[in-house]
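Residue numbers (this note's numbering): 47 to 219. Cβ coordinates follow ideal geometry from the N, Cα and C atoms, glycine included. All values derive from a computational prediction rather than experimental measurement. Working notes, beginning with the structure itself.
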């Protein structure tokens, strides 16, 4: 084995490690933003930052963010929020699968179509949440949740561009 090939392999491993550290640090940051306490006025329109990050990384960094990773993040979110164990894990897994499944079609869309696709993914996640709440006997239909989904879809292009800028800055390809 030549020294040059070993060095190139080491650099390639460092790039993958940098990418992995970036993805998981962003997931940790969005988890903290999701569980951050807000005033009572903003409580109903809380944006699901973690869902937006799962959509982004499932479409853009397929090798590092899959259904299992989204399930683990959702389980962590369930533990931190103290809700029904597995609810967010299922929702984030389904959102991750859908965004992974349609990633080639969706990545070439203009921003307004990406907003609609994101609105669909987040709405589907909210419908799963309503379904789970219905089975657990605590069905509560909160209209502010749908408003937060609409706001998250409107924020999506800014959020996506910000994560792309950070990824280009911190992760060298």
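Compare the Cα-Cα distances from residue i to each of the options and report the closest residue.
i, options, result
"residue 81", "127, 105, 60, 62", "127"
"residue 78", "148, 213, 92", "92"
"residue 188", "207, 175, 129", "175"
"residue 195", "186, 184, 167", "167"
"residue 303", "135, 110, 177, 211", "Only positions 47 to 219 of the chain appear in the structure, and residue 303 is not among them; the question remains open."
"residue 135", "144, 150, 149, 113", "113"
Exposed or buried, residue i, counting other C-beta atoms within 10 Å across all chains shown (16 or more means buried)?
i, result
"residue 20", "Beyond the ends of the chain as shown, which are 47 and 219, falls residue 20; an answer cannot be given."
"residue 191", "buried"
"residue 146", "buried"
"residue 71", "exposed"
"residue 73", "buried"
"residue 95", "buried"
"residue 216", "exposed"
"residue 181", "exposed"
"residue 150", "exposed"
"residue 206", "buried"
Assuming residue i and residue j are in contact, meaning their beta carbons sit under 8 Å apart, how far apart are those beta carbons, in whole angstroms?
i, j, result
"residue 152", "residue 163", "5 Å"
"residue 97", "residue 138", "7 Å"
"residue 130", "residue 178", "7 Å"
Could you check whether the Cβ of residue i sits closer than 7 Å to any Cβ belonging to chain C?
i, result
"residue 89", "Included in the structure is just one protein chain, with no chain C present."
Say whether the stretch 154-163 touches the stretch 114-126, bearing in mind that this needs 3 or more beta-carbon pairs closer than 8 Å, one atom from each stretch. Verdict: no, contact absent.
### Query
Pairing CB atoms from the stretch 58-67 with CB atoms from the stretch 98-105, are three or more of them under 8 Å?
Not touching, per the Cβ criterion.
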